[in-house]
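Residue numbers (full-length UniProt numbering): 1 to 822.
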């Protein structure tokens with residue numbers, strides 16, 4: 001398609017430059033060992049191929065590409081790879097619906113997205129492309145699983161899991177929405193199953209403590225979410241005798257100082273302990289209650305606004321510090337895997353305990369005097385600091401003093417000890433699905449759990465499709481009898497493969513390491529290449545992955561460090577979370593009728609306008625409401641910039657001496673270089689774009705009413721503008737660069753450097769407002785004081801004509817603004 005000299009045609013530019021870029025391959029990372037350029041690794045959270053790219057992709061990849069292209073311009077050897085997180089449930093659902101194999105749907109969507117990415121102009125190194133559903137990739141999932149198994153970090157046990165009774169499969173917590181299956185909408189229950197786990201709890205302390213080193217590079221809210229998820233707390237294990245039971249029950253508490261305020265005892269309703277403690281008369285009530293609790297997710301059970309429910313178990317516990325009998329209840333607000341699955345309830349100083357006590361008319365006893373109203377009367381627990389009361393030997397002590405003293409007393413009596421507890425639980429990784437990595441374990445009746453030997457990896461998936469993938473209560477792999485029945489690698493006897501597949505979070509926990517050597521055949525990755533590129537300098541993706549994906553990737557990295565395979569313990573030095581693209585104040589949804597199609601926006605306005613709109617809409621972490629932005633306005637700006645570059649290129653030759661050009665325009669250009677550089681370094685991309693727009697206006701003014709398009713300063717401004725625009729609008733920038741007389745590609749020409757002498761300002765324009773309206777503009781020295789600027793503004797005749805007396809308030813922002821409130 002021909003590109004017009006007269007007007008900006010985004011579709012023509014895309015048709016011209018996309019094939020040229022594919023031929024030039026400008027973003028391939030340098031692999032020469034003698035390449036002395038400093039290296040930078042940019043990684044985007046890789047996409048799932050559930051269709052074509054959507055608006056969320058449009059935002060995150062446009063933002064990440066600003067950083068990557070900026071690094072290229074700064075002269076770094078940049079690694080910016082692309083791949084697809086291509087296992088998972090949506091592909092399996094699509095295969096059942098279409099009576100096909102999941103691979104058909106998956107790889108067709110990958111091809112569609114790859115085409116769209118190339119159209120979108122992202123600076124990927126396409127030579128490193130990978131798909132997690134390729135046997136060449138998931139072979140190494142299995143190899144890593146075996147290494148974890150050898151180190152005792154992969155194990156199998158019975159446990160309570162989320163279970164969908166309709167689809168008959170285990171669901172991860174993130175697949176349970178409002179207590180219902182994300183897949184079919186059925187109510188989820190809790191079910192006891194034997195599953196595979198990774199022992200992430202062994203790394204809890206390191207995962208927590210190492211976050212201190214991420215504070216300068218990660219968002220505070222992400223660090224807070226991870227710290228809360230790990231949930232390390234210091235307290236005490238306390239033993240309670242249960243009447244009618246030989247063995248005491250241990251309770252973990254962070255507030256052993258409040259033991260004298262414990263008035264009842266609560267056991268997790270779904271814990272085996274509840275059944276063991278329960279009196280025979282109360283068993284029917286417990287069983288009925290447990291059936292109701294099984295319908296709730298952990299998140300729902302822990303909700304603070306949920307009405308408390310429970311059942312009395314017909315037993316009493318004995319408080320070890322005062323000998324009082326405490327009724328034992330089963331309730332849903334205690335989880336079986338927290339601490340020891342039971343708590344001492346101190347209702348005066350814990351809101352959930354208080355809500356329960358008030359619901360069931362249980363005693364409330366204050367043991368920490370805080371000066372606030374009695375919780376039994378106010379309904380508000382007092383969890384703050386204070387002096388101990390009604391607590392025997394602890395009376396008068398502070399919280400810290402009381403914790404130390406009561407822990408000593410418990411240890412001396414043999415009824416307790418200091419303890420550390422975590423909210424974090426081991427990672428349940430087995431799934432009853434087909435489209436995932438087969439777990440490389442063979443179950444032998446004689447030898448037990450036997451890893452598949454490394455030289456027999458990968459264990460590839462059998463050819464199942466359509467109805468064969470429909471959920472049946474066990475993994476679809478169980479029906480592939482020829483695949484399941486094998487010989488034991490140890491004894492040669494009859495054995496069976498494990499029929500579960502791995503959680504797809506396993507795939508995404510190390511893919512960024514594979515990018516460093518995606519075709520490496522002698523290991524999960526080339527250790528030397530990872531040492532060369534890692535850790536990742538900038539990771540970009542959604543905050544919805546703030547806990548699980550990021551936590552699992554950090555866990556994998558620490559295990560691999562302990563194995564000697566990486567020489568760093570944190571995978572991502574800096575993390576940038578983009579906001580959502582919403583519409584009319586709400587998340588885009590077909591049911592709401594507010595969906596916006598990325599492809600349609602590109603067809604209407606062009607890639608550059610859509611990318612520019614995404615970046616210019618606001619800070620990267622903020623949501624973008626598509627109803628409030630204007631790709632049409634972005635298109636108009638790009639047309640203006642296009643004309644500036646075209647006219648400057650037509651009027652003058654490259655290689656002219658910029659120093660001979662108009663000084664005032666040169667000052668604007670170099671101040672723009674200095675400001676945009678600083679803004680990019682601080683991720684204020686939207687403001688950087690605003691400065692590019694200002695430079696365009698200055699160049700346009702110089703062409704129309706100043707020295708003209710042939711002036712060297714206009715060419716300097718146009719070339720500077722082209723390089724800066726290459727970060728956000730690569731097509732118009734590349735075309736503009738060519739029209740300025742240069743060969744491709746603009747992406748590697750180098751970032752402009754501001755001349756210090758041109759940054760010195762002789763004067764600045766100060767805007768003076770009265771009641772919010774501009775009444776005068778003053779030329780003042782950049783170093784003018786606020787007091788002097790206020791005096792000048794009030795002395796202005798234009799200002800005084802709009803004042804009837806002394807102003808009520810004068811706000812000065814020297815040297816650029818004075819706002820007068822009459």
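Cβ coordinates follow ideal geometry from the N, Cα and C atoms, glycine included.
Between the C-alpha atoms of residue i and residue j, what's the straight-line distance to the nearest angstrom?
i	j	result
residue 491	residue 155	21 Å
residue 503	residue 623	30 Å
residue 9	residue 93	42 Å
residue 824	residue 38	Outside the displayed span of the chain (1 to 822) sits residue 824, for which this structure offers no information.
residue 811	residue 772	11 Å
residue 141	residue 484	19 Å
residue 741	residue 653	7 Å
residue 677	residue 75	14 Å
residue 66	residue 720	16 Å
residue 1	residue 514	A caution first: residue 1 carries a pLDDT of 46, below 50, which makes its placement in the model unreliable, though a value can still be read off. Cα to Cα, the separation comes out at about 39 Å.
residue 24	residue 125	12 Å
residue 403	residue 352	21 Å
residue 715	residue 645	8 Å
residue 419	residue 786	59 Å
residue 82	residue 26	15 Å
residue 203	residue 144	17 Å
residue 445	residue 334	38 Å
residue 72	residue 61	16 Å
residue 469	residue 157	25 Å
residue 805	residue 305	56 Å
residue 471	residue 440	21 Å
residue 180	residue 598	30 Å
residue 510	residue 571	9 Å
residue 212	residue 792	50 Å
residue 406	residue 257	6 Å
residue 320	residue 277	18 Å
residue 656	residue 703	17 Å
So residue i and residue j are supposed to be a Cβ contact under 8 Å. How far apart are they, rounded?
i	j	result
residue 729	residue 611	6 Å
residue 558	residue 206	6 Å
residue 753	residue 782	Actually they are not in contact, since the Cβ atoms of residue 753 and residue 782 sit about 22 Å apart, beyond 8 Å.
residue 691	residue 672	5 Å
residue 815	residue 784	5 Å
residue 423	residue 230	7 Å
residue 768	residue 822	Their Cβ separation, rounded to whole angstroms, is 13 Å, which puts residue 768 and residue 822 out of contact at 8 Å.
residue 706	residue 679	Residue 706 to residue 679, Cβ: 26 Å. No contact.
Using C-beta distances below 7 Å, list every residue in its chain close to residue i, excluding the 5 sequence neighbours before and after it, in chain order.
i	result
residue 746	722, 723, 726, 733, 734, 737
residue 289	269, 311, 330
residue 458	135, 138, 139, 142
residue 443	449, 495, 496, 498
residue 589	595
residue 560	566
residue 700	640, 644
residue 7	none
residue 617	624, 629, 686
Considering only residues of the same chain and omitting the five flanking positions on each side of residue i, which have a CB-CB separation below 6 Å?
i	result
residue 385	399
residue 630	none
residue 131	84, 86
residue 489	450, 453
residue 308	355, 356, 359
CB-CB under 8 Å to residue i, same chain, minus the five flanking residues each way: which ones, in chain order?
i	result
residue 105	91, 94, 95, 98
residue 287	none
residue 526	516, 517, 520
residue 585	625, 627
residue 568	534, 535, 557, 561
**Asked** Are the segment 445-465 and the segment 213-221 touching, with three or more C-beta to C-beta distances below 8 Å?
**Response** no
**Request:** May I ask you to verify whether the segment 798-808 touches the segment 756-775, counting CB pairs closer than 8 Å and requiring at least 3?
**Result:** yes
**Whole alpha helix (DSSP H) elements within the segment 295-380, 4-residue minimum** = 298-302, 351-360, 375-378
**Asked** If you pair each beta-carbon of the segment 604-620 with each one of the segment 115-127, do three or more pairs fall below 8 Å?
**Response** yes
**Prompt:** Within the chosen definition, does the segment 179-197 reach the segment 237-246 through at least 3 CB pairs nearer than 8 Å?
**Reply:** no
**Message:** What ranges does the beta strand (DSSP E) occupy inside the segment 436-502, keeping only unbroken runs of at least 3 residues that lie completely in it?
**Reply:** 441-444, 448-451, 485-487, 494-497
**Message:** Whether or not the segment 151-168 and the segment 526-541 are in contact is what I'm after, with contact meaning three or more pairs of Cβ atoms, one per stretch, closer than 8 Å; do they touch?
**Reply:** no
**Prompt:** Are three or more beta carbon pairs between the segment 562-581 and the segment 243-262 nearer than 8 Å?
**Reply:** no
**Request:** Tell me the start and end of each unbroken alpha helix (DSSP H) in the segment 602-669 that is at least 4 residues and wholly inside, in chain order.
**Result:** 607-616, 631-651
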